[in-house]
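J.: Sharing a structure below in structure tokens format, with a few things to ask.
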Amino acid sequence: MTPLPTYERPPVTETVLGVQFAPLPGFTVAHLGRFWAEIEDTYPTHEIHPPLGPQMEQFEGPPTPSQVRVALTAKPRVRGWFIDAAGAELIQVQHDWFVRNWRKVTGAERYPGYEDLKPRFEADWRRFTEFLDRKGLGRPEVNQCEVTYVNDIPQGEGWSSLGEAHRVLSSLAAPKREFLVEPEVEIVNATYVMPEKKGRLHVVAQPAVRTYDRQVVLQMTLTARGRPASSSEEDVATWLDLGHEWIVRGFADLTTRPMQDRWGRIW
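Using our numbering, the first residue of the sequence shown is number 20, and each one after it goes up by one.
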């Protein structure tokens, strides 16, 4: 296998490394507060949000598009966000999810690289599982791992109108039209099954407005999700590496050579 493609100026604006696990019946909002007390030195700010709903890759029946789900349950649940001083790194915790994000806040932040972000996730995940052990809540039974990369490609950098996504995305060949005018907008929503049904890669590309500067962008989100061989740290790490590889190689397959040159791909 050839080395993973790398870029001098990747358009990454947010990353997610996360695990979903079987719900912990005894986990309450009080545990969120106690856990925050242990990590407040690293994550001094907190927010409360509605919980994420379950996400499970199934391979029987018709495929369903990837989407964000908010859980509605009879028993109120919440999700805690614990944010570092710069606002660029945070962890999200609830009774069946643990997620670590890196994101651009001002636009000046540089993407740290997976080789730096993965150990940070592993350290925080270990800290959380040790907390659960001490509180008698048991070890989480991981049933899904997730890696997400959000890429923002600003309007005017390789493309101009919302109907020119084909200049960025190689899967949208430049159209040959005899009757239709240029499309008002081009959107991609695709899924790819990994070998041996180890998971899926979900790809969504659509126009968006970037939060920190209100710039119109083509936002390309790649999410790899699947079940690890077990809940062990080693098997979770192995699956995260697989998901990251699928995102990086998938991004290279799905974007055009001129855009990759613009991002400084090291060939």
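Beta carbons are placed, not taken as given, at the ideal position from N, Cα and C, and that holds for glycine. Since this is a predicted model, take the numbers as computed values, not measurements.
1. Mind checking Pro-1: buried by the 16 CB within 10 Å criterion, or exposed?
2. Nearest by alpha-carbon distance to Leu-188: which of Thr-64, Trp-121 and Pro-226 is it?
3. I'd like to confirm the pairing. Which residues does DSSP put opposite Asp-171 in its beta bridges?
4. Going by the CB atoms, is the gap between Val-38 and Gln-163 shorter than 9 Å?
5. Do you know offhand how far His-50's Cα is from Glu-176's?
6. Taking the alpha carbon of Ala-243 as the point to measure from, which residue in Val-97, Glu-264 and Thr-275 has its own alpha carbon closest?
7. Quick check on DSSP: helix, strand or coil for Trp-144?
8. Looking at C-alpha atoms only, which residue of Leu-71, Glu-201 and Arg-98 is the closest neighbour of Thr-47?
9. Whose C-alpha, out of Arg-284, Thr-257, Pro-24 and Ala-41, is nearest the C-alpha of Val-161?
10. Assess, as a yes-or-no matter, whether the region 98-116 is touched by the region 66-79 under the definition of 3 or more beta carbon pairs within less than 8 Å.
11. Between the Cα of Asp-232 and those of Pro-202, Trp-258 and Val-124, spot the shortest distance and give me the residue it belongs to.
12. Measuring straight from C-alpha to C-alpha, what distance separates Pro-73 and Leu-156?
13. Determine the DSSP secondary structure at Gln-77, reduced to helix, strand or coil.
14. So which of Arg-129, Ser-251, Gly-218 and Ala-224 has the shortest CA-CA distance to Gln-77?
15. I'd like to check one pair, Arg-129 with His-114: are the Cβ atoms closer than 9 Å?
T.: A quick look at the data gives this:
1. Look at the range of the chain in this structure, 20 to 286, and you will see that residue 1 is not part of it.
2. Pro-226
3. Gln-238
4. yes
5. 46 Å
6. Glu-264
7. helix
8. Arg-98
9. Ala-41
10. yes
11. Val-124
12. 20 Å
13. coil
14. Gly-218
15. no
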